[in-house]
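Once you know that position 101 of the sequence shown is 101 in full-length UniProt numbering, the rest is easy, because the numbers rise by one and skip nothing.
Every residue, glycine too, gets a C-beta built ideally from N, C-alpha and C.
These numbers come from a predicted model, not from an experiment.
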Amino acid sequence: MQTQQILQSHFQHVEKLHTYLEKRNGEICKFDAESEEFANGILVAFNDANNHRLTADGHTTSSASSTQHSTPRVTLFEIIDHVVELLVLRGESNILSLGFRPLKDFGAGVAGMHGIEAVFPNTIVSLLKTLPWQKLLKIIGPADILHLLTETSLFCSLPNNCLFQISGHPFAELPKPSSAFTKEWLKCLHEKNMPQRGKKRDLDKIDEENLPQTTKRAAGFIPSKLTNSSIIIPRFKIFYKRQIHSSTRKVIYGLPQNRKFSDNSFIFYVTQSIFPAQFGLPSPFSVEKYDPPAVLTQSQLVSRLDFNPKADKIPWRLSKASKLIGKMLKLHIKCDYRSVLFRHCPRKIRKDGQISIMPVNVLTLCTPHDDVSKFIRSIIRHVIPHDLWGTRENEETILSVAIDGFVRLPRFESVNVEYLLRGIK
């Protein structure tokens, strides 16, 4: 395999996971069928020849043997958090430490890590907390997991014969090797990416008036890019609108029955509200002091949709997203909000004409957090198309973690974007 040859040109040793563990611990790890298939796809690369010292009979004499029986039982989440904390505080360049840095003033710390804040999501850290790695922890123990993630470089084989790096120094930052195979491979890659030469032009025939004029950059400060941990979403700013009644005093659920809320102008308006930065509008993800726009009434929104000259000017990069938003609006119109609301959040007051003598506690009339969370998750599943999430895992992460956690927040509690994006791929 060419990819494995490239690894061998950068590292002194490249071995499969079960082979490496057998040499390190002096015993054969017993994998089940599913875990063995997973372990065969993982390669361990390292440069230290003393990583596992072998005797003449092929067994290890290293003191770093398996300590599964003496190590206290810990969860995989605690091990991963400890590895990230260890690598960040050491200042080492590692795949697992990308996106994390020591906690600065006014920063939001990461749960489970001391003195660490997340600048941007590290999806590899989330990948290591999945079920296959939890099964691997039960087989090889926490000591070997900790050693593999901190002292070696792990690579996972993909179906397209490529390798996905899981831990270790970033492969792109490794020094160039000196093997003949790698030199030839880098030469072909350089020739493929080399830009083609343009046609020669006579400088005397170029009119100076046709030359492009240089533009001066406006003086000012370049705004610093906001991190996900610094973007705070306070819960008390989420407003609750009153019920909208029709002429017959019936409650209107969802959007009003108006044709303006199903045509292209409203699709453009919703797309503009979801992706404000793509239209040159201020966004809470790019401006430190963001002032949300005023909430429009129904008549103001209808008049704005009537006189919107940019209804057809959606950027090409949002063409697929606008189609999904149009599909979302159609599902929004078809959704029976009233039935879903009464199914998950039934009314606690019964109009039976009887007056209770005993005093009623107002807390017994409140709707529990579980019912509200179930109602919101059911509405999201009905309205938002599956393609808008990207993957099924992203949808389940948002519904099970972000939505439920946000509903349970106290009134004056806040949450940052880093918490909401945790686990998103």
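Since residue i and residue j are thought to touch, with beta carbons under 8 Å apart, how far apart are those beta carbons, to the nearest angstrom?
{"i": "F100", "j": "V88", "result": "5 Å"}
{"i": "H166", "j": "I124", "result": "Looking at the sequence provided, one finds Ile at residue 166 rather than His. Right, the Cβ-Cβ distance comes to about 6 Å (below 8 Å), so this counts as a contact."}
{"i": "D144", "j": "L21", "result": "6 Å"}
{"i": "L415", "j": "V372", "result": "Checking the sequence shown, residue 415 turns out to be Val, not Leu. Rounded, the Cβ-Cβ distance is 16 Å, inconsistent with contact."}
{"i": "T271", "j": "L318", "result": "6 Å"}
{"i": "H13", "j": "F46", "result": "5 Å"}
{"i": "L363", "j": "I349", "result": "With a Cβ gap of about 14 Å, L363 and I349 do not count as contacting."}
{"i": "V74", "j": "T150", "result": "Their Cβ separation, rounded to whole angstroms, is 15 Å, which puts V74 and T150 out of contact at 8 Å."}
{"i": "K129", "j": "S35", "result": "At roughly 16 Å, the Cβ-Cβ gap does not stay under 8 Å, so K129 and S35 are not in contact."}
Just the C-alpha distance for residue i and residue j, rounded to the nearest angstrom, thanks.
{"i": "I6", "j": "Y337", "result": "57 Å"}
{"i": "D370", "j": "P159", "result": "41 Å"}
{"i": "L86", "j": "L329", "result": "47 Å"}
{"i": "F164", "j": "T3", "result": "11 Å"}
{"i": "E393", "j": "K334", "result": "26 Å"}
{"i": "P346", "j": "P385", "result": "27 Å"}
{"i": "M409", "j": "A402", "result": "It is worth fixing the name first, because residue 409 is Leu in this sequence and not Met. Their Cα atoms are separated by approximately 11 Å."}
{"i": "N50", "j": "A33", "result": "Model confidence at N50 stands at a pLDDT of 47, short of 50, so the residue's coordinates are unreliable and nothing is read from them."}
{"i": "F221", "j": "G326", "result": "Residue confidence for F221 is low, a pLDDT of 49 falling below 50, so the modelled location carries little weight and cannot support an answer."}
{"i": "R381", "j": "T391", "result": "14 Å"}
{"i": "H147", "j": "S153", "result": "10 Å"}
Residue range of the alpha helix (DSSP H) that residue i falls in?
{"i": "I379", "result": "369 to 383"}
{"i": "E85", "result": "76 to 90"}
{"i": "A39", "result": "33 to 40"}
{"i": "N416", "result": "Counting along the chain, N416 falls outside any alpha helix (DSSP H), though it belongs to the beta strand (DSSP E) covering 414 to 416."}
{"i": "I314", "result": "Where I314 is concerned, there is no enclosing alpha helix (DSSP H), given that its DSSP letter is neither H nor E."}
{"i": "L154", "result": "Segment 153 to 157 is the beta strand (DSSP E) holding L154; no alpha helix (DSSP H) there."}
{"i": "E395", "result": "392 to 397"}
Determine, using beta carbons only, whether residue i and residue j come nearer to each other than 8 Å.
{"i": "S93", "j": "H169", "result": "yes"}
{"i": "I379", "j": "V340", "result": "yes"}
{"i": "R422", "j": "L399", "result": "no"}
{"i": "P142", "j": "I79", "result": "yes"}
{"i": "L103", "j": "G91", "result": "no"}
{"i": "G26", "j": "S157", "result": "no"}
Hey, out of the options, whose CA is closest to residue i's CA?
{"i": "D404", "options": "L281, K425, K374, N40", "result": "K374"}
{"i": "A39", "options": "K129, W133, V119, E27", "result": "W133"}
{"i": "F266", "options": "S322, A402, K250", "result": "S322"}
{"i": "K425", "options": "W389, A402, L409, P368", "result": "W389"}
{"i": "Y419", "options": "I231, P175, F171, K138", "result": "I231"}
{"i": "S126", "options": "L96, S153, L137", "result": "L96"}
{"i": "N264", "options": "K313, F279, L137", "result": "K313"}
{"i": "L174", "options": "F342, D387, Q8", "result": "Q8"}
Please list the terminal residues of the continuous beta strand (DSSP E) segment that includes residue i.
{"i": "F100", "result": "100 to 102"}
{"i": "K334", "result": "Counting along the chain, K334 falls outside any beta strand (DSSP E), though it belongs to the alpha helix (DSSP H) covering 319 to 334."}
{"i": "I140", "result": "No beta strand (DSSP E) contains I140, which is instead part of the alpha helix (DSSP H) from 131 to 140."}
{"i": "H13", "result": "13 to 16"}
{"i": "S126", "result": "Not the beta strand (DSSP E): S126 falls in the alpha helix (DSSP H), residues 123 to 127."}
{"i": "Q165", "result": "163 to 165"}
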